[in-house]
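Each residue of the sequence shown is one higher than the one before, counting from 1206 in my numbering. For every residue, glycine included, the Cβ atom is placed at its ideal position computed from N, Cα and C. First up is the structure itself, then whatever we jot down about it.
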Amino acid sequence: MPEPSGLAAFAGEVCPGIFRFTMHDDRIDFESDSYLVVESGRVTLLDPLPIEDRELTQRGTVEAICLTASCHERSAWRYRAELKVPVYAPRGGVDFEEPPDRWYQAGDRLPCGLLAVHAPGPTEAHYAFHLARESGVVFCADLLTNAEGTGLSFVPDVYQDEPARTRESVRRLLDLRFEILCSNHGEPVIGGAQEAIARALARDQTRPPS
């Protein structure tokens, strides 16, 4: 899938060292978000959207790009070429436009202290990232969305390989320590993220399959 058109806008610092970028993604006609994580002047791009050049350089030196799934390549390959940094991708992922530099699997530690958490459902090789910083942060990729006004919800079943496994992956997130949840589609939940997930799971029980 090609890069989205335009540039993602800076949407604020979620917590110290974690910066959000957002845009209306013309490829899917929906909001897409990506994050930049900084640790001691080192920067890691997560599922990077196209952003202004100064946003890439003003917070430190970009040293890595981490993808949660093959469907989140976005601007990764262009930034790899421009910045001369490695792309980390999940082992078992298929249909990458270019070969990643390094493969990771469940339990691996990635740049900036990110922990790879296997979270299948949207695809088999789909991952969340856990960061044990502050009160804990989870980047949940496509497990949940948080579109304005609707609250946390699941991606429609038609866009997931195994919707039941997605639900199980979300339940397993609750075993981690975190208060902040960052999705690839929608506003982050800042504070009370585990309670918000529990409510989303409860609402989902009362809805017919999408």
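Residue i burial status per 10 Å Cβ neighbour count (16 or more: buried)
i, result
"GLN1310", "exposed"
"ILE1385", "buried"
"MET1228", "buried"
"GLY1246", "exposed"
"GLN1410", "exposed"
"VAL1350", "The residue you asked about is not Val; residue 1350 is Thr in the sequence shown. So THR1350 ends up on the buried side."
"PRO1304", "exposed"
"VAL1299", "exposed"
"ALA1281", "buried"
"GLU1392", "buried"
"CYS1278", "The question names Cys, yet the displayed sequence has Glu at residue 1278. The residue is buried, with at least 16 neighbouring Cβ atoms inside 10 Å."
Anticipated Cβ contact below 8 Å, residue i with residue j, distance rounded
i, j, result
"ARG1382", "GLY1341", "4 Å"
"TYR1284", "LEU1250", "6 Å"
"TYR1332", "THR1273", "5 Å"
"HIS1390", "ASP1238", "6 Å"
"ILE1223", "VAL1242", "6 Å"
"PRO1325", "ARG1372", "Actually they are not in contact, since the Cβ atoms of PRO1325 and ARG1372 sit about 11 Å apart, beyond 8 Å."
"VAL1248", "ARG1264", "6 Å"
C-alpha distance - residue i paired with residue j, whole-angstrom precision
i, j, result
"ALA1398", "GLU1257", "30 Å"
"PHE1301", "SER1210", "20 Å"
"GLY1396", "GLU1236", "22 Å"
"ASP1234", "CYS1345", "20 Å"
"GLU1367", "LEU1357", "19 Å"
"VAL1219", "HIS1323", "23 Å"
"ASP1347", "SER1388", "7 Å"
"VAL1376", "ARG1259", "Rather than Val, the amino acid found at residue 1376 in this sequence is Arg. Distance between the alpha carbons of ARG1376 and ARG1259: 38 Å."
"PRO1327", "VAL1394", "21 Å"
"SER1374", "ALA1286", "33 Å"
"ALA1216", "TYR1240", "10 Å"
"GLY1312", "LEU1320", "6 Å"
Paired residues, beta bridge with residue i - DSSP
i, result
"MET1228", "SER1237"
"VAL1248", "VAL1243 and VAL1267"
"LEU1319", "Its beta-bridge partners do not exist; DSSP assigns none."
"GLU1218", "PHE1224"
"ARG1314", "LEU1320"
"ARG1408", "The partner list for ARG1408 (beta bridge, DSSP) is empty, contrary to what the question assumes."
Which whole runs of the beta strand (DSSP E) in the stretch 1330-1400 are 3 residues long or more, in chain order?
-> 1332-1336, 1342-1346 and 1385-1388
Only counting runs of 3 or more residues, tell me where the beta strand (DSSP E) segments fall wholly within the stretch 1259-1301, in order along the chain.
-> 1266-1271 and 1292-1295
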